[in-house]
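Chemist: Would you mind keeping the following structure in view while I ask a few things?
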Amino acid sequence: MSEALDTREYKVIGSRVVRPDGIDKVTGRAAFGADLNLPGMLLGVVLRSPHAHARIKSIDTSKAQAMDGVYAVITGADFPNASETEDPALSANVMAREKVLYHGHAVAAVAATSMAIANAAAAAIEVDYEPLKPVLSLDEAMADGATIIDEQLRTAGADEASDTPTNVAQFMRLDRGDVEQGFAEADVIVEGEFATPTVHQGYIEPHACVATINEGGQANVWCSTQGHFDVRSLAAKVLKINVADLRVTASEIGGGFGGKTTIYLEPVAIVMSGKARRPVKMTMTREEVFRASGPASATKSRIKIGAKSDGTLTAMQAWIGYEAGAFPGGPLAPGLMCVFAPYNAPNFLIEGVDVLVNKPKVAAYRAPGAPQAMYAGECMMDELARKLKIDPIDLRILNAVEEGSTATYGPKFKAIGFKACLEAAKAHPNYTRQLAEGEGRGIAAGFWFNAGMQSSAEVHVNENGTVTVIEGNPDIGGSRASMALMAAEELGIPYEQIRVIVADTESAGYTNVTGGSRVTFATGMAVIQASRDIITQLKERAAATWGIEEELVEWEDGHAVPKPGVNADVQPLSLADIAGNAGRTGGPILGRASLNARGAGPGFSVNLADVKIDRETGKVDVTRFTAIQDAGKAIHPSYVEGQMQGGAAQGIGWALNEEYIYDADGVMENAGFLDYRVPVASDLPMIDTQIIEIPNPTHPYGVRGVGETPIVAPLAAVANAVRDATGIRISELPLSPPRVLEALDAAEE
Amino acid sequence: MRYAAPTTTREAAALIAKAKGRAFVLAGGTDLLVRMKIGTIEPELVVDIKRIPATQSITKSATGFRIGAGVPTAAMGENNALKKAWPGVVEAANLIGSDQIQNRCTIVGNLCNASPAADSVPALIAAGAKAAIVGPRGRRTVAVDKIVTGPGTTSLKKGEFIEAITLPRPPPRSGDAYLRFIPRTEMDIAVVGAGVSLTLGPNGVVKKARVTLGAVAPTVVLVPAAARAITGTRLEDVALAKLAAACEAACNPIDDMRGTIEYRTEVAGVLARRAAKIAYQRAGGN
Ligand SMILES: Cc1cc2nc3c(=O)[nH]c(=O)nc-3n(C[C@H](O)[C@H](O)[C@H](O)COP(=O)(O)OP(=O)(O)OC[C@H]3O[C@@H](n4cnc5c(N)ncnc54)[C@H](O)[C@@H]3O)c2cc1C
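Heads up: the protein sequence lines correspond to chains A and B, in order. Anchor point for the first sequence: position 737 equals 719 in the numbering used here, and the numbering is continuous, going up by one each time. Anchor point for the second sequence: position 249 equals 367 in the numbering used here, and the numbering is continuous, going up by one each time.
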C-alpha cells in the first residue's frame, strides 16, 4: 500500500497514553514463556556438548531411559534427517547429528517429572566424542591450512568458483566508480583496522516454551518469541510437519532484540511431548542462553577513506569479516550495505566475508551487522575530520545523503532525515557544553533500512461501540498501545475504547516477526486499513438507517454525518449508536486488512557521547549521552524515546564492557550476567533524546521504523569520545578498563 | 536436607557439631543459597542463626562496637555511631551487591565465604577487627586476619561459628577508608580492593597505619611495608608513591578474565593511594 501522506491535524497519535500491558508487567502478573503450567506437564532439559568441535561417535541413552520419572529421551536420531529438511542448518543447530560444532550445542534431551530427575537422566546419557581442533576466530578460520568445520561448504558469491573446502561461507562486494582513482584525487587519506567481540542481546527472559501434542498429532506450542508465525514455519521445517498441525501462541516477551526470531527449544519440546504423550515445558538457564542461543557476530574490519581538503569525499573502501558461528548466515549483507550508507561517495569499494567458527550460530541483534560496520566506518570519519581539522558534524553535513541521493546499496532515497539530525546535533546544547577536565566528546551517525513485510489486522466493533483490534505481533516495545492509537485516530474514538489482542497463529492472519523495526510501520498500516474498512461499513450502515445514498455520508470525529450540503434531517450517529443497531442494519461489523508493506523509510540517527576517563584505572564513564533520530512520525513518543534510550544503553555496553570471553578450548568463560557486563542503571547517565520527524512518504502518518537504528551509532560515539579524551585511537572493542589502561600506559612510554 | 533455626548460640553450636554430613551456617544466604542453587554444595544441615538474639544487634560500649553475625549490612549503614567511628568498614559493607543484597547479607558471611575478593574483609582487617567465635568447646576471640586460610577455606573448627565481629574504639584523630575497583558501578566482583586505617599525631603526621589489599592474592594481604611508607609522613607525594610501590610488591594475583596480573598490580597501588588520602582526610589531616 502506498497512500498519500495525511496532512490533517492528529487528535490521538503523538500522545503519551499508558500501555495496556504495562500494569501486569510491572506487577508480575503478565504470563511469560515459563509461566504456563498444564496438568501432567513434564520438564525437559537439554544435554549439551562439552566440546567446541567434535565428532559424535555414539550416544547411549539406555541408563537415562531406565530411570523412574523419565518419559522421553531423544537425540538427533529422533528428528527427520537434517539434509532432507528445507533448512538443514537450522535442524542441525536445534539438535546436533554427526558433529557438535560449538560448546553448548544440543546433543540430546530428556523430559521427566522433575528437574532433578531430568538433570540426573541427562547426566546419565553417555556420549562418545572424538574431539576435533576448534576454530575460534576469523583469522584462524581464514588461515591457510585451517581446520575445516564443514567439508561441504564452498564460498558463495566468490569471484571464481572453487571446489576447495573452506570456512568462508560467503563473499560479497558492493562498488561504484573507481576507488583507486578516488584515492589518487584525495588530498587526505585515513586508514584503520578494527575489531569487535561476540556480544549477546542480553534479553532478561531466557528462552522458554511449553509444547503439547494431542492424540490426533496436532501440536500446541506456547513460547516466548518475537514471531509465533515464524516459530510455526521453522518448527514445521525441522520436524517436516504440516504448519496446519502446529498452533503457536506467543507469551508475553521479556526482550528479544532479534535473538528470539529463531527457534531452539520448541522442536525439541514437541518431539518429547509426542513421545511422552504429555505436555513438556523447557526453559533455558542464563548459562544456556549465553552458550547456545544466537549472539551477534564478532568482526574484523579495515576502512580507508579519502577526501579533498575541503572535506568532500573522493573514495571510501571497506573490508569487513563477520563470524557466522557454527553455520553460515552472519549479517554480512546488511553490514556492508550500511557501512557508508549515510554518505555520498563518488567512488567506493565495500567487500566482506561471512566465516564459520566453532561458536554458537549468530542470530539477529537490532540492526544486524550495522553496529559493527558503522563502528569502524564512523571511527574513520572521526579521524578524517581530525586530520582535516573540520568539525565532525560539518564534515558529515557536507557529504550527507539526502532525498534523491543514490544509496551505496542501490536505491534512490526518498525523504530522509539525516541532515535534519545532523543539524539538530549541531544546535543541541550538549554539543557546545564545556567539557570538564579529563572528559572527551564523540559524535557518530547511525543508519538502518527498516523493514516492511507481511501483516494482517482485524478490527471488531463490539455492541457498545468499543473496538477490539486483533493482530499477530508479540508486543515488545508498546505496540499494543501504538496500534490502539492508530485505530483511535482513524475511528475518531477515545484510545480507552480500544483493546488490542495479540492472537495465536490460528486466530490472527499471517504476520511476519516483530523485528526489522516493522510493527508500527507495517502492522500499523494494516490496522489503519482495517479501521478504514470499518469506516466504510459504518457509513453504509448510517446510510441504510437514514435511507440516503452511501456517498452522501461522511465519517467525522467518531460520527456518521451527512456530507456538507446534503439535505437530510438526521442526527449524527456515533460508533456506539451504529454498533447498538448493527443487528438491524446487516449484523456485526468487522473490518480487516492484510498487506505486504513496502517502502519502509530508512532511519538515521546522530549520537553525542561525553566520557570521563580515570587515567589511573582505565575506567570510562559515560557522563552525558544524546540520541537524535528521525522517527518519521512518533505515534507514541515515549516508546520511541524508549527505543532510543534502550539502543543507547545496549550500544554503550557493547562499546565499554560486553564481550564473550573464550578459553583456548572454545569454552565461554563468562556465561552469566556477573562477568558478561551489560551496563546497570547506575552505570549510565540519563540518555537525552530528540525525536526528528521527517515523514516517511509511504506511510499514511509518515511512520518509519525506530527499533534498530538506536543501537548503531553509540559504539563509535563512545569510541570517538574516548579518542577525544585520551588522544589515543584504541581500535578494538570493548574499551574495558584493562585495555584502556594498557593503551594509556603504552602511550606514556 | 535439614533446616534448623535455633534461638540460642549453644543450641546452634550443638546442632552443627552433631551433624553427620556437611553443615552450614545460614546468615543472609546471599552466598550459601546461590551455591546450593547451582549445586556446588549439597548441605545435610543448614542452621539459620538469625533467630539468636545475640546475632541481631549492633552494640556500642566503652571499648568499641560489637556487630552481631546476623546483622544485615544495610543496618550498619543506618547506625550513625558506627559510621562515624568506622566509615571505611561501613562503606565496604555497603558496597556489597545492591540494596536488595544488603538487606540480607552480613559481614560475617562475607568473611566466612572466604572469597579473595570479599569487599568488607580488607576494611575489617585494616580496622583491626576481631571475631567472637563460639563452638562446642566454648568461646574464643581471634583477629579477623586469622579466619580465612585460602579461597573457600577458614580456620573455624567443626562446630564453630562466629557470633559477632568486634571493632575497637578508634583513637582520636583516626580515619579509615575502603575502595574497590570494578568495571561497573555496582553488582560486580572486586578486581582489586584496598583498605586503609590510620591515626594521626598532633601535627597531622601519620602515627599508625594499617593497609590491606583484596583480590590480589589467595587471601586478603596486610601490607606492613605500605603502612611504614606513610607512617611519619603527611602523605606527601613521595610517601604515597612509596605506599603504592609497597602495595604493588605485595600483590600476588591471578590472571583471569576479571583482570590480568599487570592490571591488578597497577590498580592496587592506585587504590591504596586514593584510600590513604580519604582516610587521612577523615582523620582530620589535610
Ligand atoms: C547479586 C550478588 C552480588 C554480590 N556482590 C558482592 C559484592 O559486591 N562484594 C562482595 O564481597 N560480595 C558480594 N556478593 C557475595 C555475598 O553477598 C557476600 O559475600 C555476603 O556478605 C555474604 O553474606 P551472607 O550473610 O549472605 O552469607 P551466607 O550466604 O549466609 O554465608 C556465606 C558463607 O559463610 C558461612 N557463614 C555465614 N555466617 C556464618 C557464621 N556466623 N559463622 C560461620 N560461618 C558462617 C556460610 O555457611 C556460608 O558458607 C554478592 C552476592 C550476590 C548474590
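C-beta atoms are modelled at their ideal positions from N, C-alpha and C, and glycine is treated no differently.
For residue 205 (chain A), does the three-state DSSP call read helix, strand or coil?
Modeler: Residue mapping note: residue 205 (chain A) aligns to position 223 of the first sequence, counting from 1. Residue state, collapsed to three classes: strand.
Chemist: Taking the continuous beta strand (DSSP E) assigned at residue 544 (chain A), which residues delimit it?
Modeler: By one-based count along the first sequence, residue 544 (chain A) stands at place 562. That run of the beta strand (DSSP E) goes 541 to 544.
Chemist: What is the residue span of the alpha helix (DSSP H) that residue 191 (chain A) lies within?
Modeler: Working through the first sequence from its first residue, we reach residue 191 (chain A) at position 209. Looking at the DSSP string, residue 191 (chain A) is not in any alpha helix (DSSP H); the run it does join, the beta strand (DSSP E), is 190 to 195.
Chemist: Reducing DSSP to helix, strand and coil, say where residue 268 (chain B) ends up.
Modeler: Position 150 of the second sequence, counted from the first residue, corresponds to residue 268 (chain B). Strand.
Chemist: Should residue 113 (chain A) be labelled buried (16 or more other beta-carbon atoms within 10 Å of its own) or exposed?
Modeler: What you label residue 113 (chain A) is simply residue 131 of the first sequence in a count that begins at 1. Using a 10 angstroms sphere on the CB of residue 113 (chain A), the tally of other CB atoms stays under 16, which defines it as exposed.
Chemist: What is the DSSP secondary structure of residue 652 (chain A), reduced to helix, strand or coil?
Modeler: The count along the first sequence starts at 1 and reaches residue 652 (chain A) at position 670. Residue 652 (chain A) falls in the coil class under three-state DSSP.
Chemist: Hey, out of A:-7, A:-8, A:-1, whose CA is closest to residue 461 (chain A)'s CA?
Modeler: As a first step, residue 461 (chain A) must be located in the first sequence, where it is residue number 479. The candidate whose alpha carbon is nearest that of residue 461 (chain A) is A:-1.
Chemist: Is it buried or exposed, residue 664 (chain A), if we count other Cβ atoms within 10 angstroms and call 16 or more buried?
Modeler: Translated into the one-based positions of the first sequence, residue 664 (chain A) becomes position 682. Exposed, since its Cβ has fewer than 16 Cβ neighbours within 10 Å.
Chemist: Assuming residue 382 (chain B) contacts residue 314 (chain B) under a Cβ cut-off of 8 Å, what Cβ separation, rounded to an integer in Å, is found between them?
Modeler: For the purposes of this step, residue 382 (chain B) is taken as residue 264 along the second sequence, with counting starting at 1. For the purposes of this step, residue 314 (chain B) is taken as residue 196 along the second sequence, with counting starting at 1. About 18 Å; that fails the 8 Å criterion.
Chemist: Determine the DSSP secondary structure at residue 296 (chain B), reduced to helix, strand or coil.
Modeler: Working through the second sequence from its first residue, we reach residue 296 (chain B) at position 178. Looking at residue 296 (chain B) - three-state DSSP - the assignment turns out to be strand.
Chemist: Where do the N-terminal and C-terminal ends of the alpha helix (DSSP H) with residue 210 (chain A) fall, by residue?
Modeler: The sequence position of residue 210 (chain A) within the first sequence is 228, counting from 1. Unbroken alpha helix (DSSP H) run through residue 210 (chain A): 210 to 221.
Chemist: Taking beta-carbon pairs under 7 Å, can you tell me which members of the segment 662 to 685 of chain A lie near chain B?
Modeler: 662, 664, 665
Chemist: Establish whether the CB of residue 656 (chain A) and some CB of chain B are separated by less than 8 Å.
Modeler: Locating residue 656 (chain A) in the first sequence gives position 674, counting from the first residue. Using a Cβ-Cβ cut-off of 8 Å, residue 656 (chain A) counts as an interface residue toward chain B, since at least one Cβ of chain B sits closer than that to its own.
Chemist: State whether the segment 161 to 169 of chain A contacts the segment 113 to 129 of chain A, with contact taken as three or more CB pairs (one from each stretch) at a distance under 8 Å.
Modeler: no
Chemist: If I measure Cβ to Cβ from residue 258 (chain A) and keep anything under 8 Å in the same chain, skipping five residues before and after, which residues do I get?
Modeler: Position 276 of the first sequence holds residue 258 (chain A). The answer, listed in chain order, is 24, 53, 54, 93.
Chemist: Roughly how far, in whole angstroms, is the beta-carbon of residue 587 (chain A) from the beta-carbon of residue 692 (chain A), given that I think they are within contact range, below 8 Å?
Modeler: For this step, residue 587 (chain A) is matched to residue 605 along the first sequence. For this step, residue 692 (chain A) is matched to residue 710 along the first sequence. Contact holds; Cβ gap of about 6 Å.
Chemist: List the DSSP bridge partners of residue 286 (chain B).
Modeler: The sequence position of residue 286 (chain B) within the second sequence is 168, counting from 1. Answer by DSSP bridge pairing, in chain order: B:182.
Chemist: Suppose you measure from the CA of residue 225 (chain A) to the CA of residue 253 (chain A); what does that come to, to the nearest Å?
Modeler: Here residue 225 (chain A) refers to the residue found at position 243 of the first sequence. Here residue 253 (chain A) refers to the residue found at position 271 of the first sequence. Those two C-alpha atoms are separated by around 15 Å.
Chemist: Taking the alpha-carbon of residue 304 (chain B) as reference, which of B:217, B:130, B:202, B:165 has the nearest alpha-carbon?
Modeler: Numbered from 1 along the second sequence, position 186 holds the residue referred to as residue 304 (chain B). When each option's Cα is compared against that of residue 304 (chain B), the closest is B:217.
Chemist: When the cut-off is 8 Å and only beta carbons count, does residue 214 (chain B) lie next to chain A?
Modeler: In the second sequence, the residue the question calls residue 214 (chain B) occupies position 96. So, not an interface residue.
Chemist: Put residue 50 (chain A) into one of helix, strand or coil per three-state DSSP.
Modeler: Counting from one through the first sequence, the residue named residue 50 (chain A) turns up at place 68. Reduced to three states, the DSSP call for residue 50 (chain A) is coil.
Chemist: Starting from the beta carbon of residue 286 (chain A), find every residue of chain B whose beta carbon is closer than 8 Å, and list them in chain order.
Modeler: To locate residue 286 (chain A), count along the first sequence from 1; it is residue 304. Those do not exist, as residue 286 (chain A) stays about 33 Å from chain B at its closest Cβ, beyond 8 Å.
Chemist: Tell me, to the nearest whole angstrom, how far the beta carbon of residue 641 (chain A) is from that of residue 716 (chain A); I am working on the premise that it is less than 8 Å.
Modeler: Residue mapping note: residue 641 (chain A) aligns to position 659 of the first sequence, counting from 1. Residue mapping note: residue 716 (chain A) aligns to position 734 of the first sequence, counting from 1. Confirmed, about 5 Å.
Chemist: Could you tell me if residue 507 (chain A) is buried or exposed, where buried requires 16 or more neighbouring beta carbons within 10 angstroms of its beta carbon?
Modeler: For the purposes of this step, residue 507 (chain A) is taken as the residue at position 525 of the first sequence. Residue 507 (chain A) comes out buried.
Chemist: How close, in whole Å, do the beta carbons of residue 376 (chain A) and residue 705 (chain A) come, if the pair is a contact with beta carbons under 8 Å?
Modeler: For the purposes of this step, residue 376 (chain A) is taken as the residue at position 394 of the first sequence. For the purposes of this step, residue 705 (chain A) is taken as the residue at position 723 of the first sequence. With 8 Å as the limit, residue 376 (chain A) and residue 705 (chain A) do not qualify as a contact, their Cβ atoms being about 18 Å apart.
Chemist: Could you say which of A:217, A:44, A:608 lies nearest to residue 425 (chain A) if we only look at CA atoms?
Modeler: In the first sequence, counting from the first residue as 1, residue 425 (chain A) sits at position 443. Out of A:217, A:44, A:608, A:608 has the C-alpha closest to the C-alpha of residue 425 (chain A).
Chemist: Hey, would you say the C-beta of residue 132 (chain A) is under 7 Å away from at least one heavy atom of ligand 1?
Modeler: Along the first sequence, one-based indexing puts residue 132 (chain A) at 150. Because no heavy atom of ligand 1 lies under 7 Å away, the Cβ of residue 132 (chain A) does not count as near it: no.
Chemist: According to DSSP, is residue 382 (chain B) helix, strand or coil?
Modeler: Translated into the one-based positions of the second sequence, residue 382 (chain B) becomes position 264. Helix at residue 382 (chain B).
Chemist: Any C-beta of chain B within less than 7 Å: which residues of the segment 623 to 654 of chain A qualify?
Modeler: Listed in chain order, the positions of the segment 623 to 654 of chain A with a beta carbon within less than 7 Å of a beta carbon of chain B are 639, 643, 651, 652.
Chemist: Pick out whichever of A:550, A:540, A:551, A:351 has its Cα sitting closest to the Cα of residue 558 (chain A).
Modeler: For this step, residue 558 (chain A) is matched to residue 576 along the first sequence. Here the closest residue by C-alpha is A:540.
Chemist: Could you tell me the distance, in whole angstroms, from the CA atom of residue 517 (chain A) to the CA atom of residue 533 (chain A)?
Modeler: Taking the first sequence and counting its residues from 1, one reaches residue 517 (chain A) at position 535. Taking the first sequence and counting its residues from 1, one reaches residue 533 (chain A) at position 551. A straight line joining the alpha-carbon of residue 517 (chain A) with that of residue 533 (chain A) spans about 12 Å.
Chemist: Looking at C-alpha atoms only, which residue of A:357, A:718, A:266, A:316 is the closest neighbour of residue 390 (chain A)?
Modeler: Translated into positions along the first sequence, residue 390 (chain A) becomes position 408. Among A:357, A:718, A:266, A:316, the Cα nearest to that of residue 390 (chain A) is on A:316.
Chemist: Residue 121 (chain B) by DSSP, collapsed to three states: which one?
Modeler: Reading the second sequence from its first residue, position 3 is the one you call residue 121 (chain B). Strand at residue 121 (chain B).
Chemist: Counting Cβ pairs, one atom from each stretch, are 3 or more of them under 8 Å apart for the segment 519 to 532 of chain A and the segment 474 to 482 of chain A?
Modeler: Counting Cβ pairs under 8 Å, fewer than three are found: no touch.
Chemist: Do you know offhand how far residue 676 (chain A)'s Cα is from residue 429 (chain A)'s?
Modeler: For the purposes of this step, residue 676 (chain A) is taken as the residue at position 694 of the first sequence. For the purposes of this step, residue 429 (chain A) is taken as the residue at position 447 of the first sequence. Between residue 676 (chain A) and residue 429 (chain A), the C-alpha separation is close to 15 Å.
Chemist: Is the closest heavy atom of ligand 2 to the C-beta of residue 148 (chain B) under 7 Å?
Modeler: Ligand 2 is absent from the structure shown, which contains only ligand 1.
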